[in-house]
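Chains as they are written, first to last, in our numbering: chain A, 11 to 509; chain B, 11 to 509. C-beta: ideal position from N, C-alpha, C; glycine also.
There are 2 protein chains.
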Amino acid sequence: MSQLSEELKEYLKETNQYEHVVTLLYWDMKTGTPKLGQAGHIDAVTYFSAKEFARNTSEKLGELLEGLSAPAEYDALDDTWKFIVRRMKRDFDRNRRIPPEVYEAYVREQAESGRAWEEAKNASDFSIFAPHLKKMIERTKEITGYTDPGREVYDALLNQYEEGMDSATIDRLFNDLKKDLVPLIQKILAAPQPDDAAFHQSFDLDAQRKVQRMLLDYIGFRRDAGTVGETEHPFTLNFCSKDVRVTNHFHEREPLSAIFSAIHEGGHAIFEQNINPEYDGTVAGSCTYMGVHESQSRFYENILGRNKNFWIPVYDKLKTLLPQLQKVSPDEFYREINHVRNSMIRTEADEVTYCMHIILRYEMEKAIFRDGITVEDLPALWNQKMQEYLQITPASDAEGILQDMHWSDGSFGYFPSYLLGSIYDGMFLEALEEELGSIDSLLADGRIGEITKWLNEKIHQYGSTRLPAEVIRNVCRKEVSAKPLIRYFTEKYTAVYGL
Amino acid sequence: MSQLSEELKEYLKETNQYEHVVTLLYWDMKTGTPKLGQAGHIDAVTYFSAKEFARNTSEKLGELLEGLSAPAEYDALDDTWKFIVRRMKRDFDRNRRIPPEVYEAYVREQAESGRAWEEAKNASDFSIFAPHLKKMIERTKEITGYTDPGREVYDALLNQYEEGMDSATIDRLFNDLKKDLVPLIQKILAAPQPDDAAFHQSFDLDAQRKVQRMLLDYIGFRRDAGTVGETEHPFTLNFCSKDVRVTNHFHEREPLSAIFSAIHEGGHAIFEQNINPEYDGTVAGSCTYMGVHESQSRFYENILGRNKNFWIPVYDKLKTLLPQLQKVSPDEFYREINHVRNSMIRTEADEVTYCMHIILRYEMEKAIFRDGITVEDLPALWNQKMQEYLQITPASDAEGILQDMHWSDGSFGYFPSYLLGSIYDGMFLEALEEELGSIDSLLADGRIGEITKWLNEKIHQYGSTRLPAEVIRNVCRKEVSAKPLIRYFTEKYTAVYGL
């Protein structure tokens, strides 16, 4: 190992300390900080993010990366470190173009905007959030101008969350989906719906916590390398493969919400826990492709968790923890977890209408960044699209445009990842069944560990070292297509609803 | 405000960021970090503690403090800033004498020692902890040699935890106590004991959490400026008056343990939440006198919490949350929370035998630092003293010398603070009753808020700006004495046990 690469490793090690505490401050703000303590945490996040940013854009780092990019040095690196140097050099060049004071202001504004969003959502008052959203949009445009000069803003954003992805590809995939899904959803909604009263009784919150624990253990979330917290909006966060954290929310009359959030975040966490630990502390050590990441959370949540056979090995345990389900048969349970409704809230949606929630957000983001719609007009556009796609209109901003936190910290371009994830899942399911046989049998036999192992080997271990298109090509030997997902939906829901 | 004091404030503000994340890392390590994530947190604690230490011992800070100590500058400061500059100057001079590499090694060893202690306690194997304890003792001697040159080590340590306190004073107070307490405890233990079966049924852990919540609210812990966590050993930690955190532990068959830990830590937290918020971010903004601090936690836990009248306004709520107590009368409850036993565990002890647990530890620490007893001989000495004072011998190290975490991070000299706290409490109770009237009536009437307000005004608001002896003089107009505590014990337990 050359002196330069040793130096880079030492440099990275120190930078990681700053990233580590910024991550921790964020975790604590969301899971534990009391109201009056938030300001102190925001000060610290601002301070240490600026320090981290300064290290990530320093002359010193520039020299190290420049040196290691020279052929004599670069050729001597192994493939992993070639990837790391390439990726760091690209990010360095991008970040160097952002003026530090712009970045520092952005970090502070993100934190403030996050708080305003929470307040606005609680008060169901978009006007509280609007000025912050405006600021986030402007800053995003400004910063994208620095990071991706000459590139159309929204394509640059899409590429930031799913490298290699652009709106032309997404338009094609989403349009294919829309074409078949809109009539399918209409047929489903016209069919008889199951009685869901049993699932809206009062369920003890602590019992729901125990269900989460049971499910996380069952799907393979490792306790020695992970922990759980509670937040309004569930998320997953990772320090490294050895410390990955998930959150959940618990609602007395919505036990299925916590159950599927647990499995969803568990899928994200299993991904991060199973990345090659040698990548820890480098850009390779966490998957930064959000479509690929969501494909794993949604594989666990939907492809596995909404399969009848997933529940066979654990249904008795579930009924013991939630005695209100004693009289609910496995078939009735399966029926309810695949109950399709035209509902307001994305995170509570079934897997079919969910697609329309994403398409709506994708189109909203295009309206913001391509058509320059004003922030004041956004709630009306949201409501109009909800009416168009799902024939319902939110009664309040809280169940409309304020429902998601993503825009509050400037994560524009993230939403399509969820649906890309599901599209990939359709393809992964086909590949998995070709190699391991019927997923129904694997699940029914409690052999979920074999599925996780297959995903570990095919996808997780690589962290960021394989781009989304490479992942798909390597796992499926095909280009990305929405067809397998459409087939999966059509077959499954024709059976479930007897269409 | 002079330019120098502005500069000091700016300097402090930045240093506080480091202290902030070190505090947070510590909190998270204790309450949330998974096992495999601990190493990453230890790295970060080590890194940022060293940064903080470097700032606290920098040339720059030295110049600022030197400048502000010159009469022309110093005389222009208000009393608070006079205290801050004086205290910072003293700490600076002390810390400057510690070689940075010694300090950094100490921080890392503390963290490692803490982990070894946990492991040793779980395995009930002192030999796992012994080499770390030895290191902690040697480092403590080494560092005290730098901070308090020429001073006898144990007196220096006592003074670090309770400024102005020394072993001559403690010997006097503890001997007074011993003289009356030993015969009192013997009389009590010979008297008939109540039946405690009702208190060792199975109590739902989540119900116990709700009891903690109810009690913290009742005594005045502020939710908007505080939060709770769970740890093996309960503690309180504060970022500033706006973010104070307590932990608790919950044992299925020991609900009283969690109840009194909740009130105890709540007392610490109420102290910190009510310090003058203008002191936040300075050495004045947290009470650093552990005897005074423990006096407040123990005032809530014992003087208030173990008084029959404390429970009158909340007993129905308690029974609702813990239905196993439905058949327990308030008198029986009072009897049990003042049940005196010769038991092994300090934190589970009643308020009377508790004194002997502390006197034992005080004498152990004197044996370590004065008589140079070897670490290998400590468990035997512990067991011998337990036999002598409470006529029992621990069956294992876990219920003997390994029970407390204090020595694991080098907090030698802390233990006497608990008993000093109780001694102060005897005096505070006298002063409070002279000014506000009978505490029994105040509690019975649910006027606990008036007691908290009195403590806020007399003690809490001052933070560190008044030394322990000043606090006592100002509240009680007397020098410190164990007599009031002895009187309190004698009267209370003569009645409880019908002696």
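Could you tell me whether any Cβ in chain B is nearer than 8 Å to the Cβ of residue i?
| i | result |
| --- | --- |
| PHE249/A | yes |
| ALA64/A | no |
| PHE213/A | no |
| ASP227/A | no |
If the cut is a Cβ gap below 7 Å, which residues of chain B does residue i touch?
| i | result |
| --- | --- |
| LEU46/A | ASP234, ALA235, LYS252 and ASP253 |
| ALA54/A | GLN27, HIS30 and VAL31 |
| ASP216/A | ASP216 |
Could you have a look at residue i and say whether DSSP puts it in helix, strand or coil?
| i | result |
| --- | --- |
| ARG182/B | helix |
| THR257/B | strand |
| GLN422/A | A quick correction: the sequence has Phe, not Gln, at residue 422/A. DSSP places PHE422/A in coil when its eight states are reduced to three. |
| GLU240/B | strand |
| ASN484/B | helix |
| ASN66/A | helix |
| THR384/B | coil |
| THR403/A | coil |
| MET366/A | helix |
| GLN120/A | helix |
| LEU509/B | coil |
| GLY473/A | coil |
| LEU87/B | coil |
| GLU162/B | coil |
| ARG356/A | helix |
| GLN222/B | helix |
Go to residue i, then tell me how far its beta strand (DSSP E) extends in each direction, as first and last residue.
| i | result |
| --- | --- |
| LEU335/A | That residue, LEU335/A, is in no beta strand (DSSP E); it is neither H nor E in DSSP. |
| GLY295/A | Per DSSP, GLY295/A belongs to no beta strand (DSSP E) and is neither H nor E. |
| ASN348/B | Note, ASN348/B: premise wrong, no beta strand (DSSP E); not H, not E. |
| ASN248/A | 246-250 |
Taking the alpha carbon of residue i as the point to measure from, which residue in the options has its own alpha carbon closest?
| i | options | result |
| --- | --- | --- |
| VAL506/A | LEU46/A, ARG457/A and GLU346/A | GLU346/A |
| TYR289/B | TYR28/B, ILE94/B, PHE58/B and PRO159/B | ILE94/B |
| TYR325/A | GLY456/A, LEU442/A, GLN196/A and PHE136/A | GLY456/A |
| ILE411/B | SER296/B, GLU375/B, PRO287/B and THR90/B | GLU375/B |
| SER12/B | ALA130/B, ILE449/B, LEU75/B and LEU34/B | LEU75/B |
| ARG308/B | LYS327/B, PHE281/B and THR298/B | PHE281/B |
| GLY155/B | LYS337/B, ARG182/B and ASN105/B | ASN105/B |
| THR475/A | LYS19/A, ARG65/A and ARG97/A | ARG97/A |
| PRO323/A | GLY459/A, PRO159/A and PRO404/A | GLY459/A |
| ASN348/B | SER267/B, PHE425/B and ASN258/B | SER267/B |
| TYR424/B | GLY42/B, MET146/B and TYR299/B | TYR299/B |
| ILE273/B | PRO287/B, CYS297/B, GLY301/B and ARG219/B | ARG219/B |
| LEU465/B | PRO244/B, ASP234/B and LEU446/B | LEU446/B |
| ILE313/B | ILE229/B, LYS131/B and ARG263/B | ILE229/B |
| GLU386/A | LYS70/A, LEU143/A, LYS61/A and PHE58/A | LEU143/A |
Show which residues of chain D have a CB atom less than 8 Å away from the CB atom of residue i.
| i | result |
| --- | --- |
| GLN120/B | Although the question refers to chain D, the structure presented lacks it and instead comprises the protein chains A and B. |
List the residues of chain A that residue i touches, going by C-beta distances under 7 Å, in chain order.
| i | result |
| --- | --- |
| ALA82/B | Simply none; closest approach about 33 Å. |
| TYR57/B | GLN27 |
| LEU22/B | Per Cβ cutoff of 7 Å: no residues; LEU22/B is ~13 Å from chain A at best. |
For chain A, is any of its Cβ atoms less than 8 Å away from the one on residue i?
| i | result |
| --- | --- |
| THR330/B | no |
| ASP101/B | no |
| GLY50/B | yes |
At 9 Å on the CB atoms, spell out the chain B contacts of residue i, in chain order.
| i | result |
| --- | --- |
| ASP387/A | Under the 9 Å cutoff, chain B gives no residues; its nearest Cβ is about 36 Å from ASP387/A. |
What residues from chain A crowd round residue i, counting only those whose CB sits closer than 9 Å?
| i | result |
| --- | --- |
| ASP38/B | LEU34, TRP37, ASP38 and GLY42 |
Can you tell me where the alpha helix (DSSP H) holding residue i begins and where it ends?
| i | result |
| --- | --- |
| ASN286/A | Segment: none, ASN286/A is in no alpha helix (DSSP H) and carries neither H nor E. |
| ILE461/A | 458-468 |
| GLY155/A | 136-157 |
| ASP38/A | 13-41 |
| ILE449/B | 449-454 |
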